[in-house]
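The listed protein sequences correspond, in order, to chains A and B.
Just so we're aligned, residue 30 is where the first sequence starts under this note's numbering, counting upward by one.
Just so we're aligned, residue 653 is where the second sequence starts under this note's numbering, counting upward by one.
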Amino acid sequence: MSRSKQPQWDFGELFPSEENRTILTVSELTSRVKVAIEAHVGEVWVTGEISNLRQQASGHAYFSLKDDRAQLACVLFRGTRVGQRDLMEDGLKVVAQGDLTVYEPQGRYQLNVRSLELQGVGELQVRFDKLKQKLQGEGLFDNERKRALPKYPQRIGVVTSLDAAALRDVLHVVGRRQSSLEVVIVPSRVQGQGAEMELARGVDQLNRFAESSSLDLILLTRGGGSIEDLWAFNEEVLARAVSSSSVPVVSAVGHEIDFTICDFVSDVRAATPSAAAEIITEGAVALRGWLDDIGYRLMREVRRRLGVGQANVEQLSGRMRRCHPRRRLQDHMQRVDELSEALRRGRVIHLRGMMERWKMLSDWLRRFRPGQAIALRGEGMTRLRADFSGRMRFRLRCKSDHLVRLEERLRLLSPKNILARGYSITCNSQSGEIIRQAAQVKKGQRIRTHVSKGEFDSSVE
Amino acid sequence: MAQLESIVEEMESDDLPLEKLLVRYEEGAKLVNICGNKLKVAELKVRQLEEEMEGELKTQPLKIDENK
Numbered sequence: 030m031s032r033s034k035q036p037q038w039d040f041g042e043l044f045p046s047e048e049n050r051t052i053l054t055v056s057e058l059t060s061r062v063k064v065a066i067e068a069h070v071g072e073v074w075v076t077g078e079i080s081n082l083r084q085q086a087s088g089h090a091y092f093s094l095k096d097d098r099a100q101l102a103c104v105l106f107r108g109t110r111v112g113q114r115d116l117m118e119d120g121l122k123v124v125a126q127g128d129l130t131v132y133e134p135q136g137r138y139q140l141n142v143r144s145l146e147l148q149g150v151g152e153l154q155v156r157f158d159k160l161k162q163k164l165q166g167e168g169l170f171d172n173e174r175k176r177a178l179p180k181y182p183q184r185i186g187v188v189t190s191l192d193a194a195a196l197r198d199v200l201h202v203v204g205r206r207q208s209s210l211e212v213v214i215v216p217s218r219v220q221g222q223g224a225e226m227e228l229a230r231g232v233d234q235l236n237r238f239a240e241s242s243s244l245d246l247i248l249l250t251r252g253g254g255s256i257e258d259l260w261a262f263n264e265e266v267l268a269r270a271v272s273s274s275s276v277p278v279v280s281a282v283g284h285e286i287d288f289t290i291c292d293f294v295s296d297v298r299a300a301t302p303s304a305a306a307e308i309i310t311e312g313a314v315a316l317r318g319w320l321d322d323i324g325y326r327l328m329r330e331v332r333r334r335l336g337v338g339q340a341n342v343e344q345l346s347g348r349m350r351r352c353h354p355r356r357r358l359q360d361h362m363q364r365v366d367e368l369s370e371a372l373r374r375g376r377v378i379h380l381r382g383m384m385e386r387w388k389m390l391s392d393w394l395r396r397f398r399p400g401q402a403i404a405l406r407g408e409g410m411t412r413l414r415a416d417f418s419g420r421m422r423f424r425l426r427c428k429s430d431h432l433v434r435l436e437e438r439l440r441l442l443s444p445k446n447i448l449a450r451g452y453s454i455t456c457n458s459q460s461g462e463i464i465r466q467a468a469q470v471k472k473g474q475r476i477r478t479h480v481s482k483g484e485f486d487s488s489v490e
Numbered sequence: 653m654a655q656l657e658s659i660v661e662e663m664e665s666d667d668l669p670l671e672k673l674l675v676r677y678e679e680g681a682k683l684v685n686i687c688g689n690k691l692k693v694a695e696l697k698v699r700q701l702e703e704e705m706e707g708e709l710k711t712q713p714l715k716i717d718e719n720k
């Protein structure tokens, strides 16, 4: 693009002549720079500290990588798979891998991050997560793998440092709660280079020990510290030793907030060393309470049964007293007394009644004066007798008169009288039958004839 | 302890003759004592496991300084 007018601020030779100028638009230039950068720098690894991190709602993240002298704009697009997008924060040292490019609208070069590795603590975190994922993938954290601790452990193994406060915490709690517990310690460093090897060896040794002696569980413990301090408990070699332990393992590393791989892979995780000791001795403490309770229940049961028995005996002896022979005898004697008393009373009453009745009767007798009555009746009798014999004599004279008259009449009616007047009576000689009709006799038949004086037999002609 | 539990349960089941009840009580009381005594060991036994040259494992008493 050329101009006809000489600009006001022409500095002559300083600038090439107009004909030799190649004037670019911003877009063109930016585009050239972009090509140059992408061609000559392209994919890089760069280390720096994250700053000015902005996580956008769109899912893209913008930040700068800086060191003490420069900074680099970086963008992490959504969908780019990096290990620990969530763990990114200002101040974190990282190694970023990506393509250096130019964001044309702002004329700014930037790194399109493809992967991000945390360094230092960040790096540990990534290693932690990687191992966690790996072991989880193998199923080493599965709940089905977790074994229950023996309820009443007698002997436990502890892998820890002899100098650690953790050990004294554990021994203090155990001594207070279950002094009968035997503690077998395998001293081991719990931090620093190679500590994980010592810890793992401790677990192995205790497992070997458990082959010949009884060992109820293994406690792996150390107190709190930085992530670096606790790191030994995040090493795979220890995780493997714990997961292959045939004795149940309790892991108590650091404080409540600290989780280690060892915690995940162990059978029981305790928040602190003291908490672990409490979990281990829980059974014994509960047992003590249970023993008190069961002793009480034993006693109470015996008391109760004895009480019942005693009540039974009392009741029975009461019943026995009631049916004792003497008691029966007494009852009978009393009854005899009662009856004889009644009898006596009854006889008197009866007698008195009789006497009253007698008195009544004799009064009555006196009142009726039977002698007088008898005299009266006697007079009546005499009178009646006189009366009776008079009547009797009269009736007899009447009857005898009547009889004389009847005799007279009878005499007049007698057959003798009739016979005397000349009549006779003829009858069958054999049967005595009086013959009233001629037909009653046959020729030659014997008949008897009665006359006034005598009789005679004859035969029919 | 399972034995103790079953004894108490048997006793509480109510149909135990008195003679048997008393026998059970004595057994139970004995077991309570045994269990109690096991818990009442005065001093914590702390030993250290050591591996000898031949790989043999031995334990020996260990004194831990409480005030350290």
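Where is the CB? At the ideal position from N, CA and C, for every residue including glycine.
No experiment lies behind these values; they were computed from the predicted model shown.
Where do the ends of the alpha helix (DSSP H) carrying residue i lie?
i, result
"A:P302", "302-351"
"A:T59", "55-69"
"A:Q222", "Note, A:Q222: premise wrong, no alpha helix (DSSP H); not H, not E."
"A:N446", "444-449"
"A:R205", "194-206"
"A:L267", "265-272"
Helix, strand or coil for residue i per DSSP?
i, result
"A:K472", "coil"
"A:P216", "strand"
"B:K720", "In this prediction, B:K720 has a pLDDT of 47, which is less than 50 and means its spatial position is unreliable; what the coordinates show is noted afterwards. Three-state DSSP puts B:K720 in coil, outside helix and strand."
"A:Q100", "strand"
"B:E664", "helix"
"B:Y677", "helix"
"A:I185", "strand"
"B:K715", "coil"
"A:D491", "Any answer about residue 491 of chain A is impossible in this case: the structure gives chain A only from 30 up to 490."
"A:H379", "helix"
"A:D128", "strand"
"A:Q359", "helix"
"A:I463", "strand"
"A:R50", "coil"
"A:M384", "helix"
"A:E257", "coil"
"A:M30", "Note that A:M30 has pLDDT 48, beneath the 50 cutoff, so the model's placement of it is unreliable and the number below is only indicative. Note: A:M30 maps to coil in three-state DSSP."
"A:F262", "helix"
"A:A177", "coil"
"A:D171", "coil"
Please classify residue i as buried or exposed, where buried requires at least 16 neighbouring CB atoms within 10 angstroms.
i, result
"A:T491", "What the structure shows of chain A is the stretch from 30 to 490, and residue 491 of chain A is not part of that stretch, so it cannot be assessed."
"A:F238", "buried"
"A:N263", "buried"
"B:P713", "exposed"
"A:P216", "buried"
"A:D360", "exposed"
"A:R218", "buried"
"A:L442", "exposed"
"A:Y452", "exposed"
"A:E227", "buried"
"A:A125", "buried"
"A:D245", "buried"
What does DSSP give as the partner residues of residue i in its beta bridges?
i, result
"B:K710", "B:E702"
"A:E78", "A:K95, A:K122"
"A:V278", "A:I247"
"A:S369", "BP columns for A:S369 are empty, so no partner."
"A:R83", "A:Y91"
"B:K697", "A:E211"
"A:L105", "A:A90"
"A:E72", "A:D128"
"A:R298", "A:S280"
What are the boundary residues of the beta strand (DSSP E) that residue i is part of?
i, result
"A:L246", "246-251"
"A:S488", "484-488"
"A:V480", "A:V480 -> no beta strand (DSSP E), and no H or E assigned at all."
"A:S144", "137-147"
"A:N457", "454-457"
Going along chain E in order, which residues have a C-beta closer than 9 Å to the C-beta of residue i?
i, result
"B:M663", "Absent here is chain E; the protein component of the structure consists of chains A and B."
* To do: State whether the segment 468-481 of chain A contacts the segment 654-673 of chain B, with contact taken as three or more CB pairs (one from each stretch) at a distance under 8 Å.
  => no
* Asked: Does the segment 285-298 of chain A come close enough to the segment 156-165 of chain A to have 3 or more Cβ pairs within less than 8 Å?
  -> yes
* Asked: Taking contact to mean at least 3 C-beta pairs separated by less than 8 Å, is the segment 249-263 of chain A in contact with the segment 175-190 of chain A?
  -> yes
* Asked: Okay, do the segment 83-100 of chain A and the segment 61-73 of chain A touch, 3+ Cβ pairs below 8 Å being the bar?
  -> no
* Asked: Does the segment 475-485 of chain A touch the segment 668-687 of chain B, meaning 3 or more C-beta pairs lie closer than 8 Å?
  -> no
* Asked: Would you call the segment 309-318 of chain A and the segment 198-215 of chain A touching, i.e. three or more CB-CB distances under 8 Å?
  -> yes
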